[in-house]
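Enquirer: The structure follows.
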Amino acid sequence: MTCVLLMAQNPHTDTPQQGEGLGAFLLRNGYNVSKYKDEFIKLNANHFGKDYGLLLGVKYIFPNKVDQVEEPLLGEANKMVTVVDDLLYGATYYLISGHGGPDPGAIAKVNGNELHEDEYAYDVVMRLAKCLLSHSAKVHIIIQDPNDGIRDDAYLSNDDHETCNGAAIPLDQNERLQQRCDAVNNFYKTERTGYCRTVIVHLDSRTESTRIDVFAYYFTKSKMGQRLG
Ligand SMILES: [Zn+2]
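Going from the sequence shown to our numbering is simple: count from 1 and add 797.
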């Protein structure tokens, strides 16, 4: 799934202060250096000294800031996400909602409604994706259902046509888990940039006598996984 970047109009301009470097100039103007440096250099080609030193008296043009990103999987009402800051710029998240396709996960009956874990895990992942995108993270939604974006219904309806990045989800548990691992690894192979994390969401059932709070599993011996959890 691709995200379309939308740019605002009317470029911002400014002249550098005495002794101000490129990074400091971008920061002073409210621009994330790693996110906007290349575009700034391209926009102002031939107006730099040695090693992209700024020239006094030059009015530099700033790139239009990314103020919205589009993620159609979030659903019609939520697909345009407002970018609030660049806190997670450079970070990549692979989001997997548990179960899906022919496997509904845990099933509960509430007020005559049959509730399926996969639909709720998917909704949590949609909301997490929206939050991460609003902070400029790159997000891959691995388990996808183009019909279900963020849903505010009291009870979420069930279906079984979720895919793993477009591919049908097999019923066999090992094949199913391997398929989503492969999907993440295939993205990671081509990206490998900075901070990359996979988050898998389950809302498993417990008996009423063993009620537990939110908890996280991580790969044994993984210090980074432990820290994330
Ligand atoms: Zn589960």
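Note that the Cβ used here is the ideal one computed from N, Cα and C, for glycine as well.
For the beta strand (DSSP E) containing residue 894, name the first residue and the last one.
Expert: Your numbering for residue 894 matches position 97 in the sequence shown. 889–894 is the extent of the beta strand (DSSP E) around residue 894.
Enquirer: Which first and last residues belong to the alpha helix (DSSP H) in which residue 947 is found?
Expert: As a working note, residue 947 is residue 150 in the sequence shown. First-last for residue 947: undefined, no H or E at that position.
Enquirer: May I have a chain-ordered list of the beta strand (DSSP E) segments no shorter than 3 residues that lie completely inside the segment 826–896?
Expert: 863–867, 877–879, 889–894
Enquirer: Along the chain, which unbroken stretches of the alpha helix (DSSP H) at least 4 residues long are found entirely within the segment 908–963?
Expert: 914–931
Enquirer: Looking at C-beta atoms only, is the number of pairs between the segment 885–897 and the segment 935–954 that lie closer than 8 Å three or more?
Expert: yes
Enquirer: Excluding the five sequence neighbours on either side, which residues of its own chain have a C-beta within less than 6 Å of the C-beta of residue 820, listed in chain order?
Expert: Position 23 of the sequence shown, counted from the first residue, corresponds to residue 820. Result list for residue 820: 830, in chain order.
Enquirer: For residue 919 and residue 945, which I take to be in contact (beta-carbon distance under 8 Å), what is that distance rounded to the nearest angstrom?
Expert: For this step, residue 919 is matched to residue 122 along the sequence shown. For this step, residue 945 is matched to residue 148 along the sequence shown. Under the criterion of beta carbons closer than 8 Å, residue 919 and residue 945 qualify as touching, at roughly 6 Å.
Enquirer: Just the Cα atoms here: how many angstroms apart are residue 984 and residue 814?
Expert: The residue labelled residue 984 in the question sits at position 187 within the sequence shown. The residue labelled residue 814 in the question sits at position 17 within the sequence shown. Each residue's alpha carbon lies about 42 Å from the other.
Enquirer: With respect to the beta strand (DSSP E) encompassing residue 994, which residues constitute its N-terminal and C-terminal limits?
Expert: As a working mapping, residue 994 is identified with position 197 in the sequence shown. Note, residue 994: beta strand (DSSP E), 993–998.
Enquirer: Kindly confirm or deny that the segment 951–962 and the segment 909–917 touch, where touching means at least three C-beta pairs closer than 8 Å.
Expert: Yes: at least three Cβ pairs fall under 8 Å.
Enquirer: Would you check whether ligand 1 has a heavy atom nearer than 8 Å to the C-beta of residue 916?
Expert: Here residue 916 corresponds to residue number 119 of the sequence shown, with the count starting at 1. No.
Enquirer: Determine the extent of the alpha helix (DSSP H) in which residue 1023 is found, giving its start and end residues.
Expert: The count along the sequence shown starts at 1 and reaches residue 1023 at position 226. Residue 1023 -> alpha helix (DSSP H) spans 1020–1025.
Enquirer: May I ask you to report which of helix, strand or coil DSSP gives residue 905?
Expert: Within the sequence shown, residue 905 is the residue found at index 108, counting from 1. DSSP places residue 905 in strand when its eight states are reduced to three.
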